[in-house]
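Read through the structure below, which is laid out as structure tokens, and then see the notes.
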Amino acid sequence: MKWEVRSTKCEHQSPWSLVIRHWTFLLLPWTFLTSCLNVHAAPIDEPTAIVHEVTVRHGDERHALRGRIVVEAQDGGLILEDSAGRYHQLMPDEIEERSATSAEFQYLSGDAQAQDLQSFAGTGFSAQTTDHYLLVSNSSELYSEVCGRLLERVHEEFYEFFADRGLQLQPLSQRLPVVIFSDSTEFMEFAHRQHPETQFQDTPGYYTVRDNQIMILDLVRDDSVRTASAMRRRMGALPRQVSTIVHEAVHQLAFNSGLQIRFADNPVWFSEGLALHFEPVSSSSSVLWSRPGQKNDLHLQNLQQQTASGRLQLPLAELLSDDSVFTNPETVAAAYAESWALFSYLEKRHTDELTAFARMLMARQPLLRVTAEERQEEFRRIMQKSTDEIETQLVPYVRRMR
1 MKWEVRSTKC
11 EHQSPWSLVI
21 RHWTFLLLPW
31 TFLTSCLNVH
41 AAPIDEPTAI
51 VHEVTVRHGD
61 ERHALRGRIV
71 VEAQDGGLIL
81 EDSAGRYHQL
91 MPDEIEERSA
101 TSAEFQYLSG
111 DAQAQDLQSF
121 AGTGFSAQTT
131 DHYLLVSNSS
141 ELYSEVCGRL
151 LERVHEEFYE
161 FFADRGLQLQ
171 PLSQRLPVVI
181 FSDSTEFMEF
191 AHRQHPETQF
201 QDTPGYYTVR
211 DNQIMILDLV
221 RDDSVRTASA
231 MRRRMGALPR
241 QVSTIVHEAV
251 HQLAFNSGLQ
261 IRFADNPVWF
271 SEGLALHFEP
281 VSSSSSVLWS
291 RPGQKNDLHL
301 QNLQQQTASG
311 RLQLPLAELL
321 SDDSVFTNPE
331 TVAAAYAESW
341 ALFSYLEKRH
351 TDELTAFARM
361 LMARQPLLRV
371 TAEERQEEFR
381 RIMQKSTDEI
391 ETQLVPYVRR
401 MR
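Residue numbering for the sequence shown follows this note's numbering, starting at 1 and increasing by one per position.
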């Protein structure tokens, strides 16, 4: 088995690099996904999850892991979740020993969770908590405080958004971890250690599914700011900072509320469309953001240019079924813009169908692949329209938006 990283980051430095501002690392082991069709990876369904101890060898180094088994492949490969909520992808030949204990699996909380995240981030990080978030930061305490208020607002609106549509999401298992860096070089070095296969220039933040954390670069970087109102003014002058935090927070909430399943075959258009639907900032709000569903000016401008011919640049069937359009420099701008437009359109014109689609995604299982044909059929069955029919309605919807 081989674990592979798929990223929705656009590494192509084109004029659209300012448009595609949000960097979401969907850590999907796609090569293993394919092999699962043969090895029958199965989620571990225990009435009460118990702790397993696993000894792993990497070269000459051995280390011990403790956590719950999320998925076990027939050949012995594992996904193990530790008490901090991080996933460990273990090959069969890496596992030396494993045993089940009698201990019940529990997530870290309180000081133990804070100390773990501080240790993970490095030296010089202090911790702050809100009702639903744990933030560790080597930036200013005031910046972390303003970020915490923004995150809590997003959390509230996220749960209300889906409750209003009849979806009861799961409560969080623990405070969601957020790491804030004050220095761009330190941020990029940490990000490169975490994901050495990815470039991080011009990257203000990201969410990693594997480690279940948001990483944020403080773009204000001014310790002289003394009041929350002054910090809000500084952040308000940097809408990219605020929209990045909101965007990545939505991804993290989706994967921790049961809306989306970590390491499942989640269509990227839905993940990104949802985050983009929440993303636009509000300078009049005390937390610089108010509610989902506001017009996304950058993507709207892009779409209205692309649809002048009366057609989408990227066919809807391709957007639905092929996640590689989010990494191809030729299609990435259209993929993000169309994901936002499609989610917005469905939310307004086909609310019940979009809710049914979300409910279907909630039933996904980790590491079980859905083919391109199956994705398209799922969409057609739930929407009760062909992709061509949806596209012919989506284009004029976009053209009329102001």
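From the three backbone atoms N, C-alpha and C, an ideal C-beta is built for every residue, glycine too.
Here the structure is a predicted model, which is why all the values come from computation and not from measurement.
Nearest-angstrom Cα distance between residue i and residue j?
i	j	result
Arg233	Val220	10 Å
Pro396	Ser139	46 Å
Leu37	Pro92	Its pLDDT being 34, under 50, Leu37 is placed unreliably by the model, and the measurement read from it follows with that caveat. Those two C-alpha atoms are separated by around 17 Å.
Val430	Ser309	What the structure shows of the chain is the stretch from 1 to 402, and residue 430 is not part of that stretch, so it cannot be assessed.
Glu186	Leu288	27 Å
Met188	Tyr206	11 Å
Thr371	Phe278	28 Å
Lys385	Glu347	15 Å
Glu373	Ser321	7 Å
Leu78	Leu259	23 Å
Gly110	Ser102	23 Å
Cys147	Ser243	11 Å
Glu156	Glu97	43 Å
Pro315	Asp388	9 Å
Gln304	Gln376	25 Å
Thr307	Gln313	7 Å
Glu391	Ile50	48 Å
Pro329	Thr198	15 Å
Gln168	Val209	22 Å
Asp352	Arg165	8 Å
Arg149	Gly85	23 Å
Pro177	Ser126	13 Å
Ala73	Asp323	24 Å
Leu319	Val268	9 Å
Arg402	Ala100	59 Å
Thr55	Arg66	9 Å
Leu135	Ala163	26 Å
Would you grab the beta carbon distance between residue i and residue j for me? Rounded to a whole angstrom, and I think it's under 8 Å.
i	j	result
Leu354	Val225	With 8 Å as the limit, Leu354 and Val225 do not qualify as a contact, their Cβ atoms being about 41 Å apart.
His299	Ala254	Rounded, the Cβ-Cβ distance is 19 Å, inconsistent with contact.
His52	Arg62	The pair is not a contact, with the Cβ atoms about 17 Å apart (cut-off 8 Å).
Leu172	Asn256	6 Å
Val246	Val325	At roughly 23 Å, the Cβ-Cβ gap does not stay under 8 Å, so Val246 and Val325 are not in contact.
Taking residue i as the reference, which of the options has the closest Cα?
i	options	result
Ser283	Glu391, Ala237 and Ser386	Ala237
Ser137	Gln199, Tyr107 and Leu217	Leu217
Arg57	Ala84, Val70, Gln89 and Asp82	Gln89
Arg399	Asn302, Gly110 and Ile261	Asn302
Ser144	Arg175, Gly166 and Phe181	Phe181
His195	Asp183, Ser184, Phe125 and Asp211	Asp211
Gln113	Ile95, Ala103, His132 and Asp265	His132
Ser290	Phe161, Pro315, Leu312 and Asp183	Phe161
Ile95	Pro177, Gly124, Leu80 and Ser286	Leu80
Met235	Pro329, Ser286, Asp116 and Gln106	Ser286
Asn296	Val281, Val54 and Gln305	Val281
Met360	Ile382, Phe343 and Leu135	Ile382
Ala358	Phe343, Arg349, Leu368 and Pro366	Phe343
Ile214	Leu117, Thr327, Phe158 and Gly59	Leu117
Glu104	Ser119, Thr123 and Asp82	Asp82
Do we get a CB-CB distance below 8 Å when we pair residue i with the residues of chain B?
i	result
Ala254	Judged by its chain identifiers, the structure shown contains no chain B, having just a single protein chain.
In the structure shown, what three-state DSSP assignment does residue i receive?
i	result
Leu65	strand
Leu314	coil
Tyr107	coil
Pro396	helix
Ser35	Here Ser35 scores only 41 on pLDDT, less than 50, and its place in the model is too uncertain to base an answer on.
Gln384	coil
Arg57	strand
Gln170	coil
Gly236	helix
Thr129	strand
Pro366	coil
Met215	strand
Ile261	coil
Arg402	coil
Thr203	coil
Glu330	coil
Thr101	strand
Ser140	coil
Glu378	helix
Glu186	helix
Pro280	coil
Val287	coil
Val209	coil
Give a yes or no on whether the C-beta atoms belonging to residue i and residue j are separated by under 8 Å.
i	j	result
Ala121	Val71	no
Gly273	Trp340	yes
Thr130	Glu152	yes
Tyr345	Leu394	yes
Arg262	Tyr107	no
Arg240	Pro204	yes
Gln201	Ala264	no
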